[in-house]
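Chemist: There's a structure below that I have some questions on.
Protein chains in written order, with the working numbering: chain A, 586 to 928; chain B, 16 to 303.
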């Protein structure tokens with residue numbers, strides 16, 4: 586909503602990004618794949634978005650729109666109409682995952698910033714070069730990208746802007762390579778009354794996938810490599826990480842290292858959150874950055890103690906921070922100044 | 016129709032018999048399992064001895080994995096071999112086109128952007144079903160109704176950007192990519208690849224779904240539930256696979272190492288013809 590723009594900026598946002606899904610697209614193609622994950626379009630009205638951009642620009646804050654779905658040829662007429670209307674209202678750039686859209690924008694002599702979404706799946710310097718040649722100004726790295734790789738890429742390519750995710754919504758599969766379908770729950774306008782009690786009514790396109798395939802509690806049969814069931818007494822079972830998370834998913838402790846790298850932006854994932862949750866998130870990350878800014882030589886131990894305390898207070902997390910909700914729990918055990926990976 | 020076999024390790028060479036004219040060798044999903052130049056030399060010797068053709072399979076890679084891929088390309092150059100290289104990372108394609116123009120790039124299945132979530136299979140069937148589908152949750156006092164997908168959406172879920180967009184196909188063709196690898200997805204697939212310019216292969220029976228750096232198989236012998244996501248890799252994927260079942264999933268999911276698959280043995284010859292498929296790649300084991 587445009588009413589969120591000024592509070593977000595006042596709390597410390599230097600850039601804003603959003604989703605935009607016009608009704609005509611939703612009617613024809615659903616809300617499922619327009620921006621990678623359904624339900625992420627926090628704007629559906631172009632005039633509302635125009636106002637948001639105007640307010641942000643008054644504060645010199647750019648606004649980027651996520652167009653990071655994957656599109657097929659028959660969708661392009663409508664897609665280009667949408668892009669033209671967004672260009673007219675002064676959008677600063679697009680977050681893109683689709684090679685076809687990237688090539689199309691390049692062919693059209695598009696002059697806005699192009700950021701490569703995590704959907705672009707960039708894990709090495711040659712992939713950065715690949716997208717650089719196609720006109721990308723910024724690469725958004727997947728949450729799972731190790732600090733070692735982030736450091737390597739941002740050092741190899743000082744001219745390219747890099748962005749990392751810092752808070753909320755940990756995908757345990759690689760965003761740009763995952764093909765599970767996600768279908769959000771939409772609250773229906775009407776409510777049912779069952780047995781005299783009010784009942785919430787939701788709609789979704791996939792009654793199974795709204796539970797998120799990546800978080801389902803599967804029954805597991807462990808087998809040897811040829812597929813025969815194991816008979817041994819010792820339990821052999823995979824460790825699924827998503828069901829182990831129990832709070833706001835977070836990468837804030839990595840800022841100790843990221844702050845020293847050539848990283849342009851730390852992104853708070855927020856399109857599908859409430860306005861209140863977005864504000865809370867940005868307040869937390871700004872406070873973490875303030876710790877680093879006001880204590881230049883702070884030790885990693887002291888930084889983490891303060892960050893963990895902030896996290897627990899900000900999100901009412903009553904347990905110890907032990908890595909359950911970390912994008913990079915290995916940061917908790919890192920030695921000074923190096924990013925030693927698993928053996 | 017050319018028949019090929021995908022092998023991930025030297026021990027699988029035993030599965031190669033006379034019906035196959037091409038060997039796919041390498042890994043798609045984990046750079047830790049990439050073959051060494053020595054391993055590759057064993058396979059190239061086998062291929063030359065048996066008058067076969069080679070497609071070297073490469074995964075998505077970090078800078079470390081990219082070094083390993085480059086070592087394999089250097090080896091192929093030193094032997095003056097000109098096999099196909101299956102690309103699953105745009106960075107690998109970038110280095111291949113810049114430095115190894117004699118190697119033939121093929122677009123791997125991680126880059127073709129087919130939609131593969133197994134629930135799509137039932138979802139597209141239910142679109143034709145007239146009775147409403149809903150779920151009642153008494154604990155939360157909620158009802159979830161399943162909307163029907165709009166008419167015409169099937170095409171979206173059966174094709175992909177690469178399979179439908181001439182601008183991508185021209186771009187790939189100009190990079191000497193004349194073959195695209197496909198999964199035999201359960202909902203069926205459709206393609207508009209330019210006939211005579213770009214052809215396709217299809218993998219059978221395992222259909223890729225998703226992959227991760229947070230390997231769920233690492234540490235599977237440890238009997239603990241600690242949440243440290245990056246556990247030391249002891250190549251547990253070479254010892255175990257896991258079959259995952261859930262009522263919400265219409266297919267059994269096969270988890271091997273860091274990657275999930277489902278099985279689809281059914282192949283429609285008409286669908287293959289229409290999609291320009293002229294090669295079937297058989298996966299004797301759940302791939303790595």
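Virtual Cβ for every residue (Gly too), placed ideally from N, Cα, C.
Which same chain residues, not among the five before or five after residue 814 of chain A, have their C-beta less than 8 Å away from its C-beta?
Modeler: The residues are 806, 807, 808.
Chemist: Please report the straight-line C-alpha distance between residue 157 of chain B and residue 739 of chain A, rounded to a whole angstrom.
Modeler: The straight-line gap from Cα to Cα measures roughly 47 Å.
Chemist: Quick one: does residue 740 of chain A have its CB under 8 Å from some CB of chain B?
Modeler: Not an interface residue.
Chemist: Would you say residue 791 of chain A reaches chain B, if we count a Cβ-Cβ gap shorter than 8 Å as a contact?
Modeler: Answer yes: the Cβ-Cβ gap between residue 791 of chain A and chain B drops below 8 Å somewhere.
Chemist: How would you list, in chain order, the residues of chain A whose beta-carbon sits under 7 Å from the beta-carbon of residue 61 of chain B?
Modeler: In chain order: nothing, as chain A lies at least about 21 Å away.
Chemist: To the nearest angstrom, how far is the alpha carbon of residue 768 of chain A from that of residue 798 of chain A?
Modeler: For residue 768 of chain A and residue 798 of chain A, the distance between alpha carbons rounds to 10 Å.
Chemist: Starting from residue 632 of chain A, follow the alpha helix (DSSP H) in both directions and report where the run begins and ends.
Modeler: Run containing residue 632 of chain A: 631-643, per the alpha helix (DSSP H) assignment.
Chemist: Kindly say whether residue 892 of chain A, judged by its beta-carbon, lies nearer than 8 Å to any beta-carbon of chain B.
Modeler: Taking Cβ atoms only, chain B never reaches closer than 8 Å to residue 892 of chain A, which makes this a no.
Chemist: Since residue 176 of chain B meets chain A, which of its residues come closer than 9 Å, beta carbon to beta carbon?
Modeler: Those within 9 Å of residue 176 of chain B in chain A are 655, 656, 657, 658, 683, 684, 685, 686.
Chemist: So residue 667 of chain A packs on residue 228 of chain B, CB below 8 Å; how close in whole Å?
Modeler: 33 Å between Cβ atoms; not a contact.
Chemist: So residue 13 of chain B is in the beta strand (DSSP E); what residue range does that whole segment cover?
Modeler: Outside the shown range of chain B (16 to 303) lies residue 13 of chain B, about which nothing can therefore be said.
Chemist: Got a sec: is the Cβ-Cβ distance from residue 16 of chain B to anything in chain A below 8 Å?
Modeler: False, the Cβ-Cβ gap to chain A never drops below 8 Å.
Chemist: What does the alpha-carbon distance come out to for the pair residue 742 of chain A and residue 713 of chain A?
Modeler: The straight-line gap from Cα to Cα measures roughly 8 Å.
Chemist: How would you label residue 745 of chain A, buried or exposed, when you count the other beta carbons within 10 angstroms and need 16 or more for buried?
Modeler: So residue 745 of chain A ends up on the buried side.
Chemist: I'd like to know if the stretch 265-276 of chain B and the stretch 174-193 of chain B are in contact, where contact means that at least 3 CB-CB pairs between them fall below 8 Å.
Modeler: No contact exists between the stretch 265-276 of chain B and the stretch 174-193 of chain B.
Chemist: Please list the terminal residues of the continuous beta strand (DSSP E) segment that includes residue 601 of chain A.
Modeler: Run containing residue 601 of chain A: 601-603, per the beta strand (DSSP E) assignment.
Chemist: So which residues of chain A does residue 106 of chain B contact, with C-beta pairs closer than 9 Å?
Modeler: The contacting residues are 707, 708, 709, 710, 711, 712, 713, 714, 715.
Chemist: I'd like to know whether the C-beta of residue 180 of chain B is nearer than 8 Å to at least one C-beta of chain A.
Modeler: Chain A contact via Cβ: present.
Chemist: Who are the neighbours of residue 823 of chain A on chain B, taking C-beta pairs under 7 Å?
Modeler: Neighbours of residue 823 of chain A on chain B, chain order: 231, 232, 235, 257, 270.
Chemist: Apply the 10 Å Cβ neighbour rule to residue 608 of chain A and answer buried if 16 or more other Cβ atoms are within range, or exposed otherwise.
Modeler: So residue 608 of chain A ends up on the exposed side.
Chemist: Taking all protein chains shown into account, decide if residue 284 of chain B is buried (16 or more other Cβ within 10 angstroms of its Cβ) or exposed.
Modeler: By the 10 Å Cβ count, residue 284 of chain B comes out exposed.
Chemist: What are the start and end residues of the alpha helix (DSSP H) that includes residue 30 of chain B?
Modeler: Counting along the chain, residue 30 of chain B falls outside any alpha helix (DSSP H), and DSSP gives it neither H nor E.
Chemist: Find the residues of chain B that neighbour residue 809 of chain A, judging by a C-beta separation of less than 9 Å, and give them in chain order.
Modeler: 254, 255, 256, listed in chain order.
Chemist: Within 8 Å (strictly less), CB to CB, does residue 804 of chain A reach chain B?
Modeler: Yes - at least one Cβ of chain B is within 8 Å of the one on residue 804 of chain A.
Chemist: Using a cut-off of 8 Å between C-beta atoms, extract the partners of residue 157 of chain B located in chain A.
Modeler: Result: 784, 785, 786, 787.
Chemist: Out of B:90, B:259, B:98, B:49, which one is the CA nearest neighbour of residue 62 of chain B?
Modeler: When each option's Cα is compared against that of residue 62 of chain B, the closest is B:98.
Chemist: Buried or exposed: which applies to residue 928 of chain A, given that a residue is buried once 16 or more other Cβ atoms fall within 10 Å of its Cβ?
Modeler: Because the pLDDT at residue 928 of chain A is just 32, under 50, the model does not fix this residue reliably, and the value given afterwards should be weighed accordingly. When all chains shown are included, residue 928 of chain A counts as exposed.
Chemist: How about residue 766 of chain A and residue 791 of chain A: do their beta carbons lie closer than 8 Å?
Modeler: Taking 8 Å as the Cβ cut-off, residue 766 of chain A and residue 791 of chain A qualify as a contacting pair.
Chemist: Can you give me the C-alpha to C-alpha distance between residue 32 of chain B and residue 224 of chain B, rounded to a whole angstrom?
Modeler: Cα to Cα, the separation comes out at about 28 Å.
Chemist: Let me see if you follow: with CB-CB separation under 8 Å, is residue 737 of chain A close to chain B or not?
Modeler: Chain B, which has a Cβ nearer than 8 Å to the Cβ of residue 737 of chain A, makes this yes.
Chemist: Assess, as a yes-or-no matter, whether the stretch 749-758 of chain A is touched by the stretch 107-126 of chain B under the definition of 3 or more beta carbon pairs within less than 8 Å.
Modeler: The stretch 107-126 of chain B is not in contact with the stretch 749-758 of chain A.
Chemist: Grab the span of the alpha helix (DSSP H) containing residue 111 of chain B for me, first residue to last.
Modeler: From DSSP, the alpha helix (DSSP H) with residue 111 of chain B extends over 105-114.
Chemist: Cα-Cα, which of A:717, A:904, A:716, A:709 is closest to residue 732 of chain A?
Modeler: Checking every option, the nearest Cα to that of residue 732 of chain A belongs to A:709.
Chemist: Residue 809 of chain A lies in the alpha helix (DSSP H); which residues open and close that run?
Modeler: Taken as a continuous stretch (DSSP letters only), residue 809 of chain A belongs to no alpha helix (DSSP H), being part of the beta strand (DSSP E) at 804-809.
Chemist: Can you find a C-beta in chain B that's less than 8 Å from the C-beta of residue 928 of chain A?
Modeler: For residue 928 of chain A, the predicted model reports a pLDDT of 32, less than 50, meaning its position is unreliable and no value from the coordinates is stated.
Chemist: Alpha carbon to alpha carbon, what distance is there between residue 638 of chain A and residue 589 of chain A?
Modeler: Each residue's alpha carbon lies about 11 Å from the other.
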